[in-house]
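Numbering (the working numbering), first residue to last: 31 to 424.
Since the structure comes first, as structure tokens, the remarks are kept for the end.
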């Protein structure tokens with residue numbers, strides 16, 4: 031791993047220039063100039079059973095996150111966010127080239143480095159946020175590693191073309207970032223224009239797209255269009271209500287540039303309904319259709335380690351999710367999710383409990399159980415993981 035000196039030099043040069051103009055126009059006594067520092071430390075113990083290999087694994091992850099923000103004035107912000115991860119146990123021991131796998135940085139600049147690497151322990155630091163933004167009257171300009179979230183639906187987001195994430199990765203609340211330049215502008219009323227440019231470091235491909243959002247008939251709508259790597263992309267999304275229930279949906283269509291006038295495009299559609307009851311219950315249901323999926327699932331790794339794109343948010347073409355969440359007490363809550371994909375007979379069970387131990391201290395128990403049809407058309411368990419996590423926030 032090597033940091034990009036050109037990126038860091040350009041980034042901090044931009045920061046210095048904007049800081050100079052901000053401080054020049056701000057009073058030395060400007061109370062809006064300040065620093066923010068926060069984060070957390072988590073310890074995640076995982077006990078996993080792999081049915082296809084008939085093996086049991088015990089692994090531990092110590093996860094420290096640090097978020098730093100500097101506000102030199104009311105118009106300018108510099109933000110950096112990093113994850114320090116220490117992996118210990120069987121996951122490291124039995125995964126070939128584990129350190130190389132976790133050291134992969136999907137951004138244009140390599141902002142990840144391994145600082146400890148042996149047979150059973152690996153440590154890595156990853157910067158997933160590093161940006162500066164300048165706010166003006168009706169919008170902002172942001173440059174650097176950031177999250178550009180265009181998703182609307184709760185579980186699957188075909189419109190989230192810059193920062194696709196795996197919803198099974200429950201231990202990464204912040205979601206990945208992209209090296210991008212972003213421009214947002216708010217018109218009068220509730221309409222908004224959002225434009226983003228990002229380049230991949232792996233294949234030097236580009237994501238260049240614009241999104242326009244507006245409100246009509248009591249619904250929030252968005253339309254987007256642009257270039258997604260080797261495809262032309264167009265999409266739309268909406269969010270509103272049917273009575274007292276929430277109703278959301280997204281659609282994106284991808285057409286290869288080289289075969290623009292044939293029928294080889296891919297479509298991703300997701301929609302869902304959610305409802306909150308008065309007794310602490312919250313339920314939601316959602317479906318996903320992605321035509322580019324292979325409909326082949328033979329191992330847990332195809333799901334948890336799946337390389338997601340907005341064209342293939344699941345390896346199955348059709349997927350359905352039902353989730354129920356309940357607050358039992360002010361300190362104890364839980365939810366249970368079921369995911370089913372009919373063509374491959376995939377079933378995922380996701381029970382979860384969370385308890386607030388004390389101020390800034392939380393503990394939760396998360397189970398992930400996977401079943402699917404094997405090549406012999408037998409419905410069998412693919413594996414189960416039991417995850418116990420303790421978190422301290424500061």
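In this text, a Cβ means the ideal position worked out from N, Cα and C, and glycines have one as well.
Report task. Express the C-alpha separation of residue 372 and residue 349 in angstroms, rounding to a whole number. Result -> In a straight line, the C-alpha of residue 349 is about 7 Å away from that of residue 372.
Query raised in the report: Straight-line CA distance for residue 226 to residue 86?
Result: 44 Å
Report task. Spell out a yes or no on whether the segment 332-343 and the segment 196-203 are touching, meaning 3 or more CB-CB pairs, one atom from each, closer than 8 Å. Result -> Enough Cβ pairs lie closer than 8 Å, so yes.
Query raised in the report: Considering only C-alpha positions, which residue in the set 124, 211, 154 is nearest to residue 163?
Result: Considering only alpha carbons, the answer is 211.
**Report entry** C-beta atoms of residue 314 and residue 76 nearer than 7 Å
**Finding:** no
Query - Three-state class that DSSP yields for residue 122 in the structure shown - result: helix
Requested in this report: Could you check if residue 296 is buried or exposed, using at least 16 other CB atoms within 10 Å of its CB as the buried criterion?
Outcome: buried
Report task. Report yes if the CB atom of residue 284 is closer than 7 Å to the CB atom of residue 341, and no otherwise. Result -> Yes.
**Report entry** Contact between the segment 212-221 and the segment 170-178 (3+ Cβ pairs under 8 Å)
**Finding:** yes
**Report entry** Three-way DSSP call (helix, strand, coil) for residue 132 in this model
**Finding:** In the three-state scheme derived from DSSP, where H, G and I count as helix and E and B as strand, residue 132 is classed as helix.
Query - Bridge-paired residues (DSSP) for residue 96 - result: 69, 112
Report task. Could you check if residue 413 is buried or exposed, using at least 16 other CB atoms within 10 Å of its CB as the buried criterion? Result -> buried
Requested in this report: Buried or exposed for residue 58, please, with buried defined as at least 16 other CB atoms from any protein chain shown within 10 angstroms of its CB.
Outcome: Bear in mind that the predicted position of residue 58 carries a pLDDT of just 46, short of 50, making it too unreliable to give a figure here.
Query raised in the report: When burial is assigned at 16 or more other CB atoms within 10 Å of the CB, is residue 109 buried or exposed?
Result: Buried: at least 16 other Cβ atoms inside 10 Å.
Query raised in the report: Looking at C-alpha atoms only, which residue of 181, 391, 219, 411 is the closest neighbour of residue 84?
Result: 411
Requested in this report: Would you kindly check if the distance between the Cβ of residue 245 and the Cβ of residue 220 is under 7 Å?
Outcome: yes
Query raised in the report: Are the Cβ atoms of residue 302 and residue 184 separated by less than 7 Å?
Result: Yes, the pair counts as a contact, with Cβ atoms nearer than the cut-off.
**Report entry** Whole beta strand (DSSP E) elements within the segment 212-243, 3-residue minimum
**Finding:** 222-229
Report task. Figure out for me which residue from 149, 168, 97 has the closest Cα to the Cα of residue 158. Result -> 97
**Report entry** Cβ distance (whole Å) where residue 356 is taken to contact residue 319 below 8 Å
**Finding:** Contact flag wrong, Cβ pair sits at about 29 Å.
Report task. Using only alpha-carbon positions, find the residue among 395, 400, 390 that is nearest to residue 378. Result -> 400
Query raised in the report: In chain order, what residues of the same chain lie with their CB nearer than 8 Å to the CB of residue 131, ignoring the 5 residues before and after it?
Result: 125
Query raised in the report: So residue 397 packs on residue 380, CB below 8 Å; how close in whole Å?
Result: 7 Å
Requested in this report: State the DSSP-derived secondary structure class of residue 59, mapped to helix, strand or coil.
Outcome: Confidence in residue 59 is poor, its pLDDT being 45 and thus under 50, which makes the residue's placement unreliable; the coordinate value appears in the next sentence. Three-state result, residue 59: coil.
Query raised in the report: Under a three-way DSSP split, which group does residue 32 fall into?
Result: In this prediction, residue 32 scores a pLDDT of 48, lower than 50, which makes its location untrustworthy; the coordinate-derived value is nonetheless stated afterwards. Correct three-state label for residue 32: coil.
Query - Member of 193, 282, 304 whose CA lies at the smallest distance from the CA of residue 298 - result: 282
Query - Cα-Cα separation, residue 424 to residue 376 - result: 40 Å
Query raised in the report: Just checking my contact of residue 94 with residue 71 at CB under 8 Å: how many whole Å lie between their CB atoms?
Result: 5 Å
Query raised in the report: Using the beta-carbon count (16 or more within 10 Å), is residue 194 buried or exposed?
Result: buried
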